[in-house]
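K.L.:
Those sequence lines, one after another, are chains F and B.
When the first sequence is numbered by my numbering, its final residue is 77 and no position is left out of the sequence of numbers.
When the second sequence is numbered by my numbering, its final residue is 188 and no position is left out of the sequence of numbers.
Below you'll find the structure I mean.
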Amino acid sequence: MPMLAKDIEKLILESFPDAKIKIDDLRGDGDHYAAYIETKAFIGLNRVKQHQMVYKALKGKMGNELHALALNTSVPK
Amino acid sequence: MEDSIKVKITDLIDKNEVMLFMKGTPNMPQCGFSAAVVGILNHLGVEFNSTNVLQDDNIREGIKEFSDWPTIPQLYVKKEFVGGCDIIREMHENGELIQLLNEKNIEINQS
């Protein structure tokens, strides 16, 4: 079941209010996204931990409604 | 997760220095993300073992809980969870993967 980019963004912002987010719908099918997320919350964490935090923010949707979300996480420069 | 599944997963990770939980087999991956990680490991000439989560639903769901990671593939190197497809790809591109394999004394036979 596809998910809208704005719904992904909303969930991420709920957990990381300061986040800079850019979401691309890679195939235009609402099912394959790439997201760039930059937030202070990631400071000092390795990539696995950063992605785990994003998956938590998505409340179990990743791997279910959301089939593919390529993540690129970063801390503010 | 049942204890028996946890034991099975722990056993796979303990006994195989480079362990990939994937969909399908290295010769016949059943998913593009699994195929991508197999491609990178083959490109680096790293010996690895894999398990096909599509053949065992307990492992498929168990490994997600075990790693606190919602997707397959998942790569473990010497018992450490390294990441899924995005992370492996990124680490391959920026050289971190080779660095990690070197640090962990995993043989690389890049052709």
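Just so it is clear, CB atoms sit at the ideal spot from N, CA and C, and this is done for glycine as well.
The structure displayed is predicted, hence computed values, not measured ones.
Could you tell me which whole alpha helix (DSSP H) segments of length 4 or greater appear in the region 107-178 of chain B?
P.N.:
109-121, 134-144 and 162-170
K.L.:
Using a Cβ cut-off of 7 Å, which residues of the region 160-177 of chain B contact any Cβ in chain F, in chain order?
P.N.:
Gly160, Asp163 and Ile164
K.L.:
Going by C-alpha distance, which of B:Ile185, B:Ile175 and B:Met168 is nearest F:Val48?
P.N.:
As a position in the first sequence, residue 48 of chain F is number 48, starting the count at 1. Of the listed residues, the one whose Cα sits closest to F:Val48 is B:Met168.
K.L.:
Among B:Glu138, B:Val123 and B:Leu131, whose alpha-carbon lies nearest the alpha-carbon of B:Gln187?
P.N.:
Within the second sequence, residue 187 of chain B is the residue found at index 110, counting from 1. Nearest neighbour of B:Gln187 by Cα position, chosen from B:Glu138, B:Val123 and B:Leu131, turns out to be B:Val123.
K.L.:
If we count the other Cβ atoms within 10 Å of its Cβ and call it buried at 16 or more, is F:Ser74 buried or exposed?
P.N.:
Sequence index remark: in the first sequence, residue 74 of chain F carries index 74 (1-based). With fewer than 16 other Cβ atoms within 10 Å, it is exposed.
K.L.:
Run the CB neighbour count on F:Leu4, radius 10 Å, all protein chains shown included, and call it buried at 16 or more, exposed below.
P.N.:
Locating residue 4 of chain F in the first sequence gives position 4, counting from the first residue. It is exposed - the Cβ of F:Leu4 has fewer than 16 other Cβ atoms within 10 Å.
K.L.:
Measuring straight from C-alpha to C-alpha, what distance separates B:Gln132 and B:Gly172?
P.N.:
Your numbering for residue 132 of chain B matches position 55 in the second sequence. Your numbering for residue 172 of chain B matches position 95 in the second sequence. Answer to the nearest angstrom: the Cα atoms are 33 Å apart.
K.L.:
Could you tell me if B:Asp163 is buried or exposed, where buried requires 16 or more neighbouring beta carbons within 10 angstroms of its beta carbon?
P.N.:
On the second sequence, position 86 is the one that residue 163 of chain B refers to. Counting Cβ neighbours within 10 Å, B:Asp163 comes out buried, since at least 16 surround it.
K.L.:
Tell me which residue opens and which closes the alpha helix (DSSP H) that B:Met99 is part of.
P.N.:
The residue labelled residue 99 of chain B in the question sits at position 22 within the second sequence. Segment Val95 to Met99 is the beta strand (DSSP E) holding B:Met99; no alpha helix (DSSP H) there.
K.L.:
Can you look up F:Met3 in the DSSP assignment and give me helix, strand or coil?
P.N.:
Within the first sequence, residue 3 of chain F is the residue found at index 3, counting from 1. Three-state DSSP puts F:Met3 in coil, outside helix and strand.
K.L.:
What residues of chain B sit near F:Gly63, judged by a beta carbon separation below 8 Å?
P.N.:
For the purposes of this step, residue 63 of chain F is identified with residue 63 of the first sequence, where counting begins at 1. The answer, in chain order, is Lys141, Pro147 and Thr148.
K.L.:
Give a yes or no on whether the minimum CB-CB distance between B:Phe158 and chain F is below 9 Å.
P.N.:
Residue numbering aside, residue 158 of chain B sits at position 81 when the second sequence is read from its first letter. Yes - at least one Cβ of chain F is within 9 Å of the one on B:Phe158.
K.L.:
Using only alpha-carbon positions, find the residue among F:Met62, F:Gly63, F:Leu13 and F:Glu65 that is nearest to F:Ile37.
P.N.:
Within the first sequence, the letter at position 37 stands for residue 37 of chain F. Nearest option by C-alpha distance: F:Leu13.
K.L.:
Measure from the alpha carbon of F:Lys22 to the alpha carbon of each residue in F:Lys6, F:Asp29 and F:His51, then state which is nearest.
P.N.:
Position 22 of the first sequence, counting from 1, holds the residue named residue 22 of chain F. Comparing Cα-Cα distances from F:Lys22 to each of F:Lys6, F:Asp29 and F:His51, the minimum goes to F:Lys6.
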